[in-house]
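Its first residue numbered 1, the sequence shown is counted upward by one per residue in the UniProt record's numbering. C-beta atoms are modelled at their ideal positions from N, C-alpha and C, and glycine is treated no differently. Given the structure is predicted, the values throughout are model-derived calculations rather than measurements. Each remark here refers to the structure printed beneath this line.
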Amino acid sequence: MRASYIGDFEEWKQGFNFSVPVTVRFSETDMFGHLNNTVNFTYFEHARIEYLKHLGLMENWLDSEEGAITVVADLQCDYLKQVFFDEQLDIHVKTARVGSTSLDIHYLAAGPDGEPAFTGRGTIVQVSRKTGKPLPWSDKALDALGAASSIVR
């Protein structure tokens with residue numbers, strides 16, 4: 001593994017306890033039949049949202065009266081092998097670090113055989129819908145994230 005956010009790969013891999021399945025659609029492939037390099041980020045988004053819903057953190061984010069929203073501050077993908085049309089992948093997600101207003105999230109995409117296809121990391125930040133400035137996580141969110149980050153380091 002070349003990714004700077006991964007120390008010992010096997011240890012890092014053991015920290016994942018949430019995943020969503022995806023099947024590579026024909027429309028997501030390029031003229032060579034493999035997954036277009038931009039689609040990985042869509043898979044990350046899908047998995048991240050499902051993960052946050054699983055933690056109970058998406059309940060009010062779309063409510064226009066809610067004062068806080070989350071935004072992606074950065075996102076990275078490291079490609080390990082080619083992925084082709086109709087392949088099955090599990091996109092694993094874990095909380096790597098909880099900040100006062102941000103989360104560092106790690107991703108692992110693996111096939112049915114467990115072989116990694118690509119990895120990734122990103123930071124999301126909770127901001128005020130009105131000012132765009134960072135907002136601290138609520139106690140409820142910190143409780144949910146603390147439980148996740150205590151399991152996943």
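Spatial distance of residue i from residue j (CA atoms)
i	j	result
aspartate 90	tyrosine 51	13 Å
glycine 33	phenylalanine 85	6 Å
serine 128	aspartate 74	18 Å
glutamine 82	leucine 62	35 Å
isoleucine 69	proline 136	11 Å
aspartate 8	phenylalanine 18	20 Å
valine 39	valine 24	9 Å
threonine 131	glycine 114	43 Å
isoleucine 151	phenylalanine 16	Its pLDDT being 33, under 50, isoleucine 151 is placed unreliably by the model, and nothing is read from it.
When the options are compared against residue i, the one with the closest alpha-carbon
i	options	result
valine 117	His92, Gln126 and Glu65	Residue identity differs from the one stated: residue 117 is alanine in this sequence, not valine. Looking at the Cα atoms, His92 is the closest of the given residues.
alanine 109	Arg97, Thr123, Leu80 and Thr131	Leu80
glutamate 45	Met31, Gln14, Lys133 and Ile124	Ile124
proline 112	Pro21, Gly120, Asn17 and Arg2	Pro21
tyrosine 5	Glu59, Val98 and Asp78	Asp78
Cβ neighbour criterion (16 or more within 10 Å) applied to residue i
i	result
valine 71	exposed
serine 100	exposed
lysine 94	buried
Residue i - DSSP class collapsed to helix/strand/coil
i	result
valine 39	helix
aspartate 104	strand
Proximity test, residue i beta-carbon vs the ligand HEM heavy atom, cut-off 6 Å
i	result
leucine 89	Questions concerning the ligand HEM fall outside what the structure shown contains, since it holds no ligand whatsoever.
Practice prompt. Within the stretch 52 to 91, note down every full beta strand (DSSP E) run reaching 3 residues or more, in order along the chain.
Written response: 68 to 79
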